[in-house]
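Just so we're aligned, residue 133 is where the sequence shown starts under our numbering, counting upward by one.
All C-beta atoms, glycine included, are put in the ideal place defined by N, C-alpha and C.
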Amino acid sequence: MAVLMICFVTFSISYLTQVDALVCLQCKSVLSPRMCKRVTECGNGEVCKVQRHTNEFGETVFDLGCSSSTVCYETGTTNSCQKLLQINNVCTNVTSVSQQNPCTQCCDIDLCNHVACNEKDYPATRGPICYNCRNPTPAGKCHDVEFCDQDQICKVVASDVFGDTLYTSSCELQHTCGLQIPPGIIGKRDSSETRSIKSDHACDTCCSGDLCNRNCPPVDCSDVLNLGLSRGSGVYRVKPWTMVHDVEVYCDMDTEGGGWTVFQKRWNGSEDFNRSFVEYEQGFGSLDGEFWMDCLNQDKQFTIMQWTILLKTVLWVKKGLSLLHSMTSRRNMTLRVDMSLANGTTGFDEYSGFYISPPDQYNINVDKRVNSSGMSDSYLLSNTVDPGDINHQPFSTYDRDADKWHLNCAERQGGGWWFKSCTFSLLNGHYNTRSFTYFSFTDPPREQLKTSRMMFR
Ligand SMILES: [Ca+2]
């Protein structure tokens, strides 16, 4: 359970880190701040503000919105928010709150101006506040929000309408968000391909945090690139197709236009790749070292409601091979393997039609070589009849023999791999031995590799 929980810690963090503007409630003359159902993104240096005053009928009403922090605090005892009294995370202007009317308060957390001037807070147990729009522009332009019930979470769907992408955001029942659906049912290849044909980027995703359905999250590294979120090669948070939680993956943004999701990397032998089937299913290593499709730990505090959702989804955590299956299910991918020898010679091989079959076989599927450098024409991964052709083979490890040989290839050659009987190309073989090799690259002689990297886009 502890291992499974590691991936959950990124569950409700917002996806698009370039959108850092504070989001505040913005309404005029509402009877209570928490009744406000519209939001706006503040400008640089602005904070959320709420003002209580008396309208022309003598009623007490509230105005909410953004304000420059200087204006907001100028009537207080200090212009430093940190030095002011904090009530329910609201940075309170002590001077004005003691007055009956008017009252002005400011704060600097998303939606924090829902409570001010001693008004009631949101209910202690509640669902998230979600964007609620049908908008043929990026979902970030949505200004309407709704308050979800406890059994609901936020959802955002992108679909094509007359060539434009329509973003629909709303509260949605948890069970319609795939949280009750086992992984064998969601993520079918046929439906996902149909959707991807309609749009370069389409999403159908749920999340649990306040305002988390602002944007369609990137589903993989090529999506990060397409959405203009690339900051160069490195670790990115993505929400893979059909998954209910997000993960962090390593993206190569430099090779041949970038957008590659890296799922295997070896360069110094620091990680043992002779692992069990469960370990290959779960992923291992670290993204800043050697790894097999792992996700990073992130510190994150959860509310009780979020933990409840996490516990409900615990059976469907995906990393490793299962994550690889999810991420390659969206459409046909290109597989690229890069490698080098100790003498510095480098080469790469690319195959179209890359797709990993569902659990628990996880067959590798490729169509044909589409690009390469430093490779011979023999010992292709596909469309040959030799025993090294691993196309459509299931994944085997020393403790799970799914190969075609009468003995266990993984036990003999080491590493988890798509063995046939057995293989000539084994990028997960023992480091510093000739079992770590790729025959097209090193034929002849069959030489051990120094580095390898496997990725797709
Ligand atoms: Ca066998």
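Ignore the nearest five residues each way along the sequence and tell me which others in Phe669's own chain have a CB closer than 6 Å to its CB. Residue 669 falls outside the range modelled here, since the chain spans only 133 to 589, and no answer is possible.
Could you give the residue range of the alpha helix (DSSP H) that holds Val356? Cys353 to Asn358
For Asp253 and Gln306, the rounded distance between their alpha carbons: 24 Å
Do Ser484 and Asp499 have their C-beta atoms closer together than 8 Å? yes
Residues in the same chain with beta-carbon distance under 8 Å from Asn564, minus the five sequence neighbours each way, listed in chain order, please. Gly401 and Gln580
Please determine if the segment 536-556 and the segment 359-378 are in contact, where contact requires at least 3 C-beta pairs separated by less than 8 Å. no
Counting only the same chain and skipping the five closest in sequence on each side, list residues whose C-beta sits under 6 Å from that of Pro490. His457
Is the CB-CB distance between Trp392 and Arg462 below 8 Å? no
Inter-residue spacing [alpha-carbon to alpha-carbon] between Thr345 and Met459: Residue identity check: residue 345 is Asn in the sequence provided, not Thr. When rounded, the distance between both Cα atoms is 20 Å.
When we look at the beta-carbon of Gln414 and count the other beta-carbons within 10 Å, is it buried (16 or more) or exposed? buried
Val571, DSSP secondary structure in three states: According to the sequence provided, residue 571 is Phe. The question's Val does not apply to it. Three-state result, Phe571: helix.
Answer yes or no: do Val289 and Cys335 have a C-beta to C-beta separation smaller than 8 Å? yes
Report the option in Gln396, Thr569 and Gln493 whose CA atom is closest to the CA atom of Ser418. Gln396
Please tell me whether, using a cut-off of 7 Å, the distance from the CB of Asp404 to the nearest non-hydrogen atom of ligand 1 is below it. no
Over what stretch of residues does the alpha helix (DSSP H) that includes Ala474 continue unbroken? Per DSSP, Ala474 belongs to no alpha helix (DSSP H) and is neither H nor E.
Using 8 Å for Cβ pairs, my map puts Leu154 next to Val179. What's the rounded Cβ distance? 7 Å
Between the C-alpha atoms of Lys536 and Ser514, what's the straight-line distance to the nearest angstrom? 16 Å
Give me the Cβ distance between His275 and Cys168, rounded to the nearest whole Å; I'm assuming they're in contact under 8 Å. Actually they do not touch by this definition, with Cβ atoms about 11 Å apart.
Exercise answer, beta-carbon shell around ligand 1 heavy atoms below 7 Å: Asp533, Asp535, Lys536, Trp537, His538, Leu539, Asn540 and Cys541
Simplified DSSP state of Met587, which is helix, strand or coil: strand
Spatial neighbours of Pro234 within its chain, please: CB distance less than 7 Å, with the 5 preceding and 5 following residues excluded, ordered by chain position. Gln183, Arg184 and His185
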